[in-house]
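Below is one structure, written out as structure tokens, with a few remarks after it.
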Ligand code: UDP
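Okay, structure coming up:
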């Protein structure tokens with residue numbers, strides 16, 4: 035364990051608010067929490083991010099830059115107990131595991147950090163801890179210290195409301211068909227039972243962990259939400275009235291803290307085959323405004339070869355330019371399944387740009403040439419799509435993504451659904467394959483000049499404006515953040 039940096043002030047006399055952030059090492063959780071930590075630092079809070087050595091490299095540059103700019107922000111680096119849990123050195127992030135068998139030991143290793151973290155918190159005595167959802171035990175640590183814990187999921191309000199509704203009402207138990215209406219939610223949300231997370235409708239290995247997560251959230255001081263009032267106000271209300279949760283929407287954090295190109299490009303930078311962004315930017319610069327579809331399935335999705343083949347055919351047949359991100363492990367399979375000469379044709383004609391590995395997603399989405407987003411409905415991706423004013427094609431797969439899809443297609447109506455029916459556990463291929471004709475049809479609809487697409491574009495551009503206003507001075511998220519900071523300061527003084 036590294037020694038505690040000198041710069042952290044000790045003791046509780048100072049009126050300086052100090053907050054520790056403890057992210058889960060998976061890009062979809064870590065990226066927004068780091069953005070949030072930077073946000074607090076920019077508002078004068080003394081911030082420490084607890085992170086393991088292997089993950090620090092993704093963020094250190096950006097944290098150092100914030101520190102040099104005068105903000106009180108630093109990482110506190112812990113050694114990941116690789117040997118103890120039988121993992122090879124360097125496997126410390128869900129994005130870097132090479133087999134599903136590594137998921138459980140990785141989680142166990144993170145659990146072993148409890149002792150060193152407890153020790154650290156007792157030594158430093160911060161004023162608050164912001165903890166990822168998957169560390170419910172941080173509540174006990176916070177309670178022992180008598181400090182507030184803020185829970186962080188990096189998910190939407192609607193997904194948490196839907197999970198709550200399923201737990202309370204169990205609509206699947208009385209359903210006469212595969213279709214359920216989620217009772218009591220602000221909108222009429224109809225879903226297939228097969229789209230609901232398995233742990234929420236049956237008791238399996240994951241259920242006890244999720245129960246512990248929900249219990250810790252109910253007993254925490256509150257929830258820090260990466261969302262904004264204008265997007266999810268009805269569900270914010272449901273949080274308060276039906277779930278009894280105190281929450282602060284302070285998003286979209288990615289929009290708020292990543293204003294310039296360097297920040298967008300360096301956010302959680304993982305090398306991609308192309309190494310540098312300039313090749314992608316040059317390609318985008320050669321395209322007309324709003325003409326390119328960005329196809330990205332987040333940081334964890336792996337598709338079987340059969341699905342990759344259908345996507346390739348569908349994209350080519352659509353006739354629209356695209357950027358498609360293929361994860362590293364998929365690249366081993368893709369060559370055998372792509373249509374003959376696909377890559378060469380796409381490159382030669384400049385019709386398609388295939389990124390193998392990690393894409394600078396924010397840079398691409400924010401480029402004027404990008405006009406649509408085919409997304410797996412990860413919450414960060416949805417927010418980033420909205421921030422860029424892009425209509426979406428929704429292709430949910432696992433976790434809470436089917437609930438997010440409903441917000442996009444049924445509530446704010448800025449996307450067209452591919453009609454996926456099957457929720458799958460992360461890492462499992464499932465049985466459902468989206469056919470090339472369906473991909474082609476959805477791309478033509480979204481990127482074409484029909485009325486439906488024009489209306490979606492109009493609505494999402496209004497949401498984009500609302501997101502920008504939310505993070506400006508006087509905006510809803512900015513006000514919530516300052517209210518929270520002031521409340522935590524008052525609490526510190528009282529204690
Ligand atoms: N991301 C990226 N490049 C990639 C894949 C993902 O920058 O090649 C970022 C993306 O911008 C988002 C996050 O990783 O901020 C993924 O989070 P999301 O909630 O969308 O999906 P998850 O990866 O958790 O399924």
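Numbering (UniProt numbering), first residue to last: 35 to 529. In this text, a Cβ means the ideal position worked out from N, Cα and C, and glycines have one as well.
In or out: residue i buried (at least 16 other Cβ within 10 Å) or exposed?
{"i": "residue 69", "result": "buried"}
{"i": "residue 477", "result": "buried"}
{"i": "residue 252", "result": "exposed"}
{"i": "residue 307", "result": "With a pLDDT of 45 at residue 307, under the threshold of 50, the predicted position of this residue should be treated as unreliable, though the coordinate-derived value follows. Burial call: exposed."}
{"i": "residue 488", "result": "exposed"}
{"i": "residue 406", "result": "buried"}
{"i": "residue 370", "result": "exposed"}
{"i": "residue 156", "result": "exposed"}
{"i": "residue 378", "result": "exposed"}
{"i": "residue 277", "result": "buried"}
{"i": "residue 348", "result": "buried"}
{"i": "residue 529", "result": "exposed"}
{"i": "residue 151", "result": "buried"}
{"i": "residue 80", "result": "buried"}
{"i": "residue 346", "result": "buried"}
{"i": "residue 44", "result": "Here the model assigns residue 44 a pLDDT of 46, short of 50, so the residue's position is not dependable, and the following value carries that caveat. Its Cβ having fewer than 16 others within 10 Å, residue 44 is exposed."}
{"i": "residue 96", "result": "buried"}
{"i": "residue 520", "result": "exposed"}
Just to confirm the assignment, what range does the alpha helix (DSSP H) spanning residue i have?
{"i": "residue 279", "result": "Careful: residue 279 lies outside any alpha helix (DSSP H) and carries neither H nor E."}
{"i": "residue 388", "result": "Taken as a continuous stretch (DSSP letters only), residue 388 belongs to no alpha helix (DSSP H), being part of the beta strand (DSSP E) at 386 to 390."}
{"i": "residue 513", "result": "510 to 528"}
{"i": "residue 481", "result": "470 to 481"}
{"i": "residue 250", "result": "241 to 253"}
{"i": "residue 396", "result": "395 to 399"}
{"i": "residue 325", "result": "Run containing residue 325: none; DSSP gives neither H nor E here."}
Using 7 Å as the cut-off, classify the Cβ of residue i as near or not near the heavy atoms of the ligand UDP, replying yes or no.
{"i": "residue 65", "result": "yes"}
{"i": "residue 401", "result": "no"}
{"i": "residue 505", "result": "no"}
{"i": "residue 70", "result": "no"}
{"i": "residue 396", "result": "yes"}
{"i": "residue 18", "result": "This structure cannot speak to residue 18, because the chain is shown only from 35 to 529."}
{"i": "residue 226", "result": "no"}
{"i": "residue 413", "result": "yes"}
{"i": "residue 359", "result": "yes"}
{"i": "residue 464", "result": "no"}
{"i": "residue 333", "result": "yes"}
According to DSSP, simplified to helix, strand and coil, what is residue i?
{"i": "residue 306", "result": "For residue 306, the predicted structure reports a pLDDT of 46, less than 50, and the residue's modelled location is therefore unreliable. The matter cannot be settled from this model."}
{"i": "residue 293", "result": "coil"}
{"i": "residue 381", "result": "helix"}
{"i": "residue 262", "result": "coil"}
{"i": "residue 143", "result": "helix"}
{"i": "residue 128", "result": "coil"}
{"i": "residue 161", "result": "coil"}
{"i": "residue 225", "result": "strand"}
{"i": "residue 111", "result": "strand"}
{"i": "residue 236", "result": "coil"}
{"i": "residue 101", "result": "helix"}
{"i": "residue 154", "result": "helix"}
{"i": "residue 340", "result": "helix"}
{"i": "residue 352", "result": "helix"}
{"i": "residue 72", "result": "helix"}
{"i": "residue 54", "result": "strand"}
{"i": "residue 405", "result": "strand"}
{"i": "residue 183", "result": "strand"}
{"i": "residue 333", "result": "coil"}
{"i": "residue 462", "result": "coil"}
{"i": "residue 91", "result": "helix"}
{"i": "residue 169", "result": "coil"}
Measuring CB to CB, does residue i end up less than 8 Å from residue j?
{"i": "residue 525", "j": "residue 77", "result": "no"}
{"i": "residue 445", "j": "residue 221", "result": "yes"}
{"i": "residue 143", "j": "residue 165", "result": "no"}
{"i": "residue 497", "j": "residue 448", "result": "yes"}
{"i": "residue 398", "j": "residue 360", "result": "no"}
{"i": "residue 530", "j": "residue 479", "result": "Past the boundaries of the shown model lies residue 530; the chain is included only from 35 to 529, so the question cannot be answered."}
{"i": "residue 167", "j": "residue 183", "result": "no"}
{"i": "residue 170", "j": "residue 249", "result": "yes"}
{"i": "residue 429", "j": "residue 410", "result": "yes"}
{"i": "residue 160", "j": "residue 72", "result": "no"}
{"i": "residue 82", "j": "residue 54", "result": "yes"}
{"i": "residue 546", "j": "residue 234", "result": "Nothing about residue 546 can be reported from this structure: the residues present for the chain run from 35 to 529 only."}
{"i": "residue 327", "j": "residue 408", "result": "yes"}
{"i": "residue 425", "j": "residue 505", "result": "no"}
{"i": "residue 60", "j": "residue 333", "result": "yes"}
Starting from residue i, follow the beta strand (DSSP E) in both directions and report where the run begins and ends.
{"i": "residue 193", "result": "Here residue 193 belongs to no beta strand (DSSP E); instead the alpha helix (DSSP H) covers 191 to 203."}
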